[in-house]
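One structure is given here, and the rest of the page talks about it.
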Amino acid sequence: MTVKTRIIRIGNSQGIRIPKLLMEQSGITGEVELEIEDNAIRIRAAEDPRRGWADAFESMAQHGDDAMIDPELPDTDWDREEWQ
């Protein structure tokens, strides 16, 4: 789908209004990334570096692969007397 729109002034910046239909079809919500590509501005959903972590952790737990790998350390005087 191609839509023509105008660049508008937004404070000291410039922007565009993106029609609702385009937003719905793109599925983009929240943050976006802008990239200059072949003399055009490309807009795409911002990547979520933690996407899929919850599913991965759940899968690990189901397979018994979620044990702590660090050994249990003995308490110190500081742990017993000062830690709250």
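FYI, the numbering for the sequence shown is 197 to 280, going by the numbering used here.
From the three backbone atoms N, C-alpha and C, an ideal C-beta is built for every residue, glycine too.
Judged by beta-carbon spacing, residue 212 lies within the 9 Å limit of residue 202, meaning their Cβ atoms are closer than that value.
In this structure, residue 241 places its C-beta atom within 9 Å of the C-beta atom of residue 222.
Taking C-beta separations shorter than 7 Å and ignoring five residues to either side along the sequence, the partners of residue 199 in its chain run 215, 218, following chain order. Beta-bridge pairing by DSSP links residue 269 to no other residue. Shown here, residue 257 sits in a helix according to DSSP, grouped into three states.
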